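Peer 1:
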Amino acid sequence: MELIERVLREAASVGFVLVGIRELVCRRVTDDLVESVSPDVDHAVHQLIESKWLEVGGTHHVRYDRYTGPARSVLVPRKSKQAAYRWGSLAKPWKAA
Numbered sequence: 001m002e003l004i005e006r007v008l009r010e011a012a013s014v015g016f017v018l019v020g021i022r023e024l025v026c027r028r029v030t031d032d033l034v035e036s037v038s039p040d041v042d043h044a045v046h047q048l049i050e051s052k053w054l055e056v057g058g059t060h061h062v063r064y065d066r067y068t069g070p071a072r073s074v075l076v077p078r079k080s081k082q083a084a085y086r087w088g089s090l091a092k093p094w095k096a097a
C-alpha cells in the first residue's frame, strides 16, 4: 500500500511519462528531461493505469539518455488524488512510534 501511495503522490507532484513503444515509465526531471524509475514503480504505474487510478494523457517531446522523441504523460484524476490524501491521513499500525 505504501508503494501505491508513494506512486500517486509522485505522479501528482513530479509527474511520470511513458516513453517509447514499450511504454517505459520515466520521472520528469525538468520540462523535457526524464529519468527511468525502478522496476517496482514501473509495474505499479502500469497497474494503476489498467485499473483506471491513473490516466494516459497527451504526447510531449522529451529527452531520455540519447533518446529524443515523443512520450505520453501520466495524469492523476481527482478521485485518485482525494483517495491518496485520505490514505495518507490514516493511522499506519506497522509504523509504531
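If you read the sequence shown in full-length UniProt numbering, its first letter stands for residue 1, the second for the next number, and so on. All C-beta atoms in this analysis are idealised placements derived from N, C-alpha and C, irrespective of residue type, glycine included. This structure is a prediction, so every number in the text was calculated from the model and none was measured.
For the beta strand (DSSP E) that E5 lies in, which residues bound it at each end?
Peer 2: It is not in any beta strand (DSSP E) - E5 instead sits in the alpha helix (DSSP H) that spans E2 to S13.
Peer 1: Please classify L33: is it buried, with 16 or more other beta-carbons within 10 angstroms of its beta-carbon, or exposed?
Peer 2: When all chains shown are included, L33 counts as exposed.
Peer 1: Going by CA-CA distance only, name the one from A12, T59, F16 and P77 that's closest to G69.
Peer 2: Nearest option by C-alpha distance: T59.
Peer 1: Quick one: using the 10 Å Cβ neighbour count with 16 as the cut-off for buried, is V7 buried or exposed?
Peer 2: V7 comes out buried.
Peer 1: Hey, L24 and R72: beta-carbon distance below 8 angstroms or not?
Peer 2: No, these two residues do not count as a Cβ contact at 8 angstroms.
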